[in-house]
Amino acid sequence: MSFAVLAGSDVLRGRVTFRLVGAWDAELVVATTDASTLTGTVTLDLGGLLHVGTVTVAEADEGGLVTVRIVGGRGGLDEAVPPLAYRTTTAQAVLADALGLGGESLAADADGATMAASLPRWTRTAGDVGGSVAAVARDLGVSWRMTAGGAVWVGPESWAPVEVDHTVEAEDLTNSTIRIAVEDVTLKPGATWAGRRVSQVVYLLDDTKLRADVSYGDTRDELAALLAKLVQRETAGRDLEATYTARVLGQNADGTLELRPNDARIPQLSAVPCRFGVPGVEAMQIASGIDVLVEFENGSGKAPIVTGFPSGSSLKLSISSTDLRLGGDAASDFVALSSRVTSALNAIQVWAQAHVHTCSAPSSPSSTSTVPLSMSTDVAATRVKAL
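By the count of the working numbering, the sequence shown reaches residue 462 at its end, each step adding exactly one.
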């Protein structure tokens, strides 16, 4: 009997690749002549260890044998996802939403602390399921990959040590790889073996023996170089490192803005804070209908901020400063603060009206009268708007 069996048919030869990040996949030649029997979700038995995957290609070759390509899970990581903005959610909710759109699911043993991570806000850009999962994992500083059971595991690497019976056949120190002959497929990425952190294992199947090409090192760049598709998934979430324009739909009482981004990949954003970039500027009343600049701090979906405004967009500006002047030199006049100026003038008026003045007219007896003082409304304090 063959070491590997796919949906009841023996596997004659092929390879199965397991990665530190992303889905495992396989390309196998199967001892059957009917490609139509190998479709949809299938179970790959590797030496007694069952792996659930989905057939992406099944075609007969000239000899009548069928070549099959399989991806771990339900084959939904490439499914499209629409943009969506979250408020007050968790990593588990965001991940489950994205995976559900592709018919995928979270693994039962996904890291509990990672799943419970609080996301006061999260922005999912338009893309695919795999890219959405990668964006969350990258932001939380954890890994994600497809398990043998066909579910997505997310969490920090433990790098637990493992022992594997093996025989070394070759080693490439330049590319950090080693080929070994093994008896089973227990060695997987995320483990520490022979003092090395395993980042990828490619099992090579034939009718004589089982070999494994083991790559060590834990950087994602090393893995991305192995497969262009993985590069796309790992960089898809980088959309949030760009600057976007968005139309102001309204402003909330706390100064945050309701925005509709002009890029269809970005969802409508609510309660987005403003970053004015000038010390002392504390608040700004913004006109609706203008376009502002939106960025995501540190490229994270958790932190959209408004960072740029067109000229003439401010209806009201609040500045906190002990010395505010208009002009380009130290001799410039202070900016009149109407509330303070009016308060000072009112105090003078009250004091003046409280005093009695004696007036004497020629050829008339002395008399005492009160000369009321009235404040003109045309004073500087009423001609300068409060800041």
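From the three backbone atoms N, C-alpha and C, an ideal C-beta is built for every residue, glycine too.
Take the alpha-carbon of residue 88 and the one of residue 135: they are about 14 Å apart.
DSSP assignment within the stretch 151-239 yields the following whole alpha helix (DSSP H) runs of 4 residues or more, N-terminal first: 166-176, 187-190 and 204-215. By the neighbour-count criterion, in which a residue is buried when 16 or more other Cβ atoms sit within 10 angstroms of its Cβ, residue 160 is buried. Shown here, residue 365 sits in coil according to DSSP, grouped into three states, outside any helix or strand.
Beta-bridge annotation (DSSP): residue 268 is paired with 271. For residue 94 against residue 264, the beta-carbon gap comes to about 6 Å, under 8 Å, which counts as contact.
In the pairwise beta carbon analysis, the stretch 146-163 is classified as touching the stretch 171-183: at least three pairs are separated by under 8 Å.
Sequence-distant Cβ neighbours of residue 376 in its own chain, meaning closer than 7 Å and more than five residues away, are 197, 198, 199, 210, 214 and 315.
Excluding five sequence positions before and after residue 322, the CB atoms of its chain that fall closer than 6 Å to its own CB belong to 335 and 366, given in chain order. In the three-state scheme derived from DSSP, where H, G and I count as helix and E and B as strand, residue 417 is classed as helix.
Put simply, the stretch 345-358 does not touch the stretch 214-234. Fewer than three CB pairs are less than 8 Å apart.
If only uninterrupted alpha helix (DSSP H) runs of at least 4 residues are considered, none is enclosed by the stretch 118-144. Between the beta-carbon of residue 113 and that of residue 130 there is about 5 Å, and that keeps the pair under the 8 Å contact cut. Residue burial annotation: residue 276 is buried, with at least 16 other C-beta atoms found within 10 angstroms of its C-beta. Residue 195 sits away from residue 165, with the two beta carbons spaced by 8 Å or more. Across the structure, residue 205 and residue 92 are spaced so that their CA atoms are roughly 17 Å apart. Looking at 142, 100 and 329, the one whose alpha-carbon comes closest to that of residue 107 is 142.
The alpha-carbon separation between residue 342 and residue 96 amounts to approximately 27 Å. Inter-residue distance for residue 362 and residue 388 is about 6 Å (C-alpha atoms, whole angstroms).
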